[in-house]
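Enquirer: The sequence shown begins at 3 in the working numbering and counts up one residue at a time.
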Amino acid sequence: MSDAIIAYVKRVKDLSDHVKGNEQATKQSLIGPLFSILGYDLTDPRECVPEYKADFGRDRSSKPVDWAFMENGRPIFFVEAKDAGKRLVGYDEQLSDYFNKVPEARLGILTNGLQWRFFTDLVHLNHMDKEPFVKWDVINDEIPPLDFLILLHKSQYNPQLIRTFAERKRAQNLLVSELTRLLEPSSEFVRLAIANLETRRLSDSVIDSWKPVLANAIEEWAKQRMLTMVLSNPPQSEPTAPSSGAGGKIETTKEELEGFEVIQRLLGSTRSIAFEDTVSYFKIHLPERRTWVICRLYFDRKRPSIWVPLPVEQAQELAPSLQVSTLQLGWSCLNLNSYADLELLSPLLQAAWDQQRQLHPVNSTEASDTKSESDTDAS
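#1: In terms of alpha-carbon separation, which member of I209, E180, K304 lies closest to L194?
#2: A70 bridges to which residues according to DSSP?
#3: Count the other CB atoms within 10 Å of the CB of A248; is the residue buried (16 or more) or exposed (fewer)?
#4: Between the region 256-273 and the region 312-325, are three or more C-beta pairs nearer than 8 Å?
#5: Just to confirm, is the Cβ distance from L154 to R119 under 8 Å?
#6: Alpha carbon to alpha carbon, how far is D139 from P146? Give it in angstroms, no decimals.
#7: Is it buried or exposed for D143, if we count other Cβ within 10 angstroms and need 16 for buried?
#8: Tell me the DSSP secondary structure of S239 in three-state form.
#9: Between which two residues does the beta strand (DSSP E) harbouring W355 extend?
#10: Does the region 99-107 come within contact of the region 37-45, defined as at least 3 CB pairs closer than 8 Å?
#11: If contact is defined by three or more beta carbon pairs under 8 Å, each pair taking one atom from either stretch, is the region 61-80 in contact with the region 8-20?
#12: If we ignore side chains and look at the alpha-carbon of each, how far apart do I220 and I308 end up?
#13: Between F167, R267, F277, L269, which has its C-alpha nearest T254's C-alpha?
#14: If you follow the beta strand (DSSP E) that F101 is part of, which residue opens it and which one closes it?
#15: Look at L163 and Q357 and say whether their C-beta atoms are less than 8 Å apart.
#16: How would you call V136, buried or exposed, if buried means at least 16 neighbouring beta carbons within 10 angstroms?
#17: Quick one: grab the DSSP three-state call for N155.
#18: Indicate whether L216 and V192 have their beta-carbon atoms separated by less than 8 Å.
#19: On the CB-based measure, 16 or more other CB atoms within 10 Å of its CB, does W223 come out buried or exposed?
#20: Can you name the residues that DSSP bridges to A168?
#21: Whose C-beta lies closer than 6 Å to the C-beta of H362 among residues of the same chain, with five residues either side of it excluded?
#22: What's the call for T45, buried or exposed, on a 16-neighbour Cβ count within 10 Å?
#23: Let's test the definition: count the other Cβ atoms within 10 Å of the Cβ of I33 and tell me whether it reaches 16, buried, or not, exposed.
#24: Shortest alpha-carbon distance to A342 belongs to which of G75, E73, C335, E260?
#25: Can you name, in chain order, every residue of its own chain whose Cβ lies under 7 Å from the Cβ of V364, other than the five neighbours on each side?
#26: For a quick check, are the C-beta atoms of L351 and L288 less than 8 Å apart?
#27: Pick out whichever of A27, N339, F71 has its Cα sitting closest to the Cα of P47.
Here's what the structure looks like:
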């Protein structure tokens, strides 16, 4: 999905100036395409109802909300859209009315196609928060919120997972604010920072003149460091694996083959898989392409583990008896007490398979690619 999001960002940059002042064009060209990437069909009224209007009683009328996304005939989240030329400040009140009216909907989205704001009810249950738990400026943010967008995908959507993510994000935002306050340049810190730069006597006025300069320098340093980390670790479909130190020799073990057989049985006859062994890990993937990974098995360690391309909140919910840790770009690592723990992972593995199939449906082109890939391997 990361490639599709990168293409979406480029689309927004290319089209934003052409839709400003026109809300319908903004919906069609900037907002709708993101939901299509996330697996939603905006043309199916069973799934997405435009201009949705709730009953607020005879004494109160309310404008409809732009979209209500549905499940089993009930809204699961609302979207309020504005044209790309409008700022979002002040437009969350109508969204809040609908959020508060319908208890099943635990997510509210406010967007003009350029900026996205995602709200839930962390402060007071069934009352939309004043502040969003995720903000996304499509044009200016260097990194899209892929971890959240994966959870928002139709195949993954789960209100409790969204809430768990929001709780962690809110705690993180509060911590960032506190760290910002603590790192606000004090006179003592400024004095240390400029000791080798300033030739004048370090009087109070000189220190005060350096404070905004130092604050901006710290912010710039943080941005450059983050950018360096991103450029040195670009987004990819799989996280970087640690080297096994095996000298480049691939040895497929009995435990790995037995693990494949167990996973094949847990997935059932309707979910076909294949495998590829590498120096560092044993990879299980969709049969059409080796990069469409269901899981990785690390069985050459004192404690075996399995990696799956699912967010940690979802992995923990599907495998509550195992320890789960976070990896990059929505991957999770589950530590196994023994190989027998694979038997506990049927729901998790099925969710990982279903996600990959949702992202990569079978078509003739992929079948042709698979044949070409096999011919290349054979040669």
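No residue lacks a Cβ here, since even glycine has one placed at the ideal position from N, Cα and C. What you are looking at is a predicted structure, and each value in this text was computed from that prediction instead of being measured.
Expert: Working from what's here:
#1: I209
#2: V51, F80
#3: Note that A248 scores a pLDDT of 45, beneath 50, so its modelled location is shaky; the value from the coordinates is reported in the next line. Exposed: under 16 other Cβ atoms inside 10 Å.
#4: no
#5: no
#6: 8 Å
#7: exposed
#8: With a pLDDT of 49 at S239, under the threshold of 50, the modelled position of this residue cannot be trusted; read the value that follows with caution. Taken through DSSP and simplified to helix, strand or coil, S239 comes out as coil.
#9: No beta strand (DSSP E) holds W355; the alpha helix (DSSP H) holding it covers 348-361.
#10: Judged by Cβ distances under 8 Å, the region 99-107 makes no contact with the region 37-45, as fewer than three pairs qualify.
#11: no
#12: 39 Å
#13: When only C-alpha atoms are compared, the closest one is F277.
#14: Counted as a single uninterrupted DSSP element, the stretch harbouring F101 is not any beta strand (DSSP E) but the alpha helix (DSSP H) occupying residues 94-103.
#15: no
#16: buried
#17: According to the sequence displayed, residue 155 carries His and not Asn. Here H155 sits in coil by DSSP.
#18: yes
#19: Only exposed fits W223, as fewer than 16 other CB atoms lie within 10 angstroms of its CB.
#20: According to DSSP, which records beta bridges pairwise, A168 is partnered with nothing at all.
#21: W294
#22: exposed
#23: buried
#24: E260
#25: E290
#26: Cβ atoms of L351 and L288: not closer than 8 Å.
#27: F71
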